[in-house]
Ligand code: PAF
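Residue numbers (my numbering): 7 to 287.
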């Protein structure tokens, strides 16, 4: 695996491959890699001749400084894991390489970044949009792969790609779960043993909500039940539970109002913020 810390040599390396007609897949990550990321690498390898993965803990997408400090960093382990699954290129820039000057550009995605994560993490999606734009400009990928767990992020990157005419096909890859249902996430590394047990509460809440909504209950009826269920556990706190149309993230009251409704949930277990979602089919 080729490892690049700087933009210019990476661009030169990729330009050469592109000249030889190779298709490039990009898997952007913030490291602390788990099986979910590996699924994205495998999806990219199945379709592209060259797979690039980036590991960059993007400071401007963290609205909470403590969250940035505590974000897990396991670079050596990540490098070995990427190598073992045949990733071709690792791009691991420093903060200074990505942001040589203080970044002043702010992105506004309208309704898409005012709801759910956007409402609870002001500025988060502007930071995500900016770093993904930079990565798309640097790598110029033919395909890019993201996890379905971050569905709102995917909807926003789709908008970004359309509005800025990036020549990249986006793929959302199904969430991987532990046997007890917990969605794989780099943040799970920060959970204590008892918090780890509690963390399944969001998945369980989604299953219960799915049942209730499919039996005809409205989102308005289900929301307080989800809060009660999650917060019954003393270590857990709910930020939001929303039923939305997965295409435009508009809130809906019942499952008939969208052809592709999705439930999104977020909250804390101890100090660790977790998110999850589930489509209703
Ligand atoms: O989903 C993530 O890991 C990050 O938000 C991303 C897309 C790599 C941008 O920093």
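Glycine included, C-beta positions come from ideal geometry on N, C-alpha and C.
Item	Value
Residue nearest to residue 233 in terms of C-alpha spacing, selected from 241, 103, 247	247
Residue 9 burial status per 10 Å Cβ neighbour count (16 or more: buried)	exposed
Residue 67 CB to nearest heavy atom of ligand 1 below 7 angstroms	yes
Residue 255 to residue 45 span [Cα, whole Å]	25 angstroms
Integer-rounded CB distance, given that residue 273 should sit under 8 angstroms from residue 228	No, residue 228 and residue 273 are not in contact; Cβ-Cβ is about 15 angstroms, not under 8 angstroms.
heavy atom of ligand 1 below 7 angstroms from residue 80 C-beta	no
Cβ pair count under 8 angstroms reaching 3, the region 276-286 against the region 208-223	yes
Check: residue 84 C-beta below 7 angstroms from any heavy atom of ligand 1	no
Cβ-based neighbour list, residue 225, same chain, cut-off 6 angstroms, excluding 5 preceding and 5 following	249, 259
Three or more C-beta pairs below 8 angstroms linking the region 49-64 and the region 23-41	yes
Same chain, Cβ closer than 7 angstroms to residue 112, neighbours up to 5 away in sequence not counted	132
Nearest residue (CA-CA) to residue 151, options 136, 98, 181, 129	181
N- and C-terminal bounds of the beta strand (DSSP E) containing residue 274	267-275
Buried/exposed call for residue 101, threshold 16 Cβ in 10 Å	exposed
Nearest to residue 171 (by Cα), restricted to the options 188, 157, 192, 143	143
Candidates 204, 230, 202, 154: closest to residue 42 by CA position	154
Contacting residues, own chain, Cβ-Cβ under 6 angstroms from residue 49 (five flanking each side not counted)	151, 179
Own chain residues within Cβ distance below 8 angstroms of residue 23, not counting five before or after	30, 55, 56
C-beta atoms of residue 66 and residue 136 nearer than 8 angstroms	yes
Distance cut-off 7 angstroms: residue 35 Cβ against heavy atoms of ligand 1	yes
Under the three-state DSSP convention, the category residue 34 falls into	strand
Proximity test, residue 159 beta-carbon vs ligand 1 heavy atom, cut-off 7 angstroms	yes
Nearest residue (CA-CA) to residue 220, options 187, 129, 287	287
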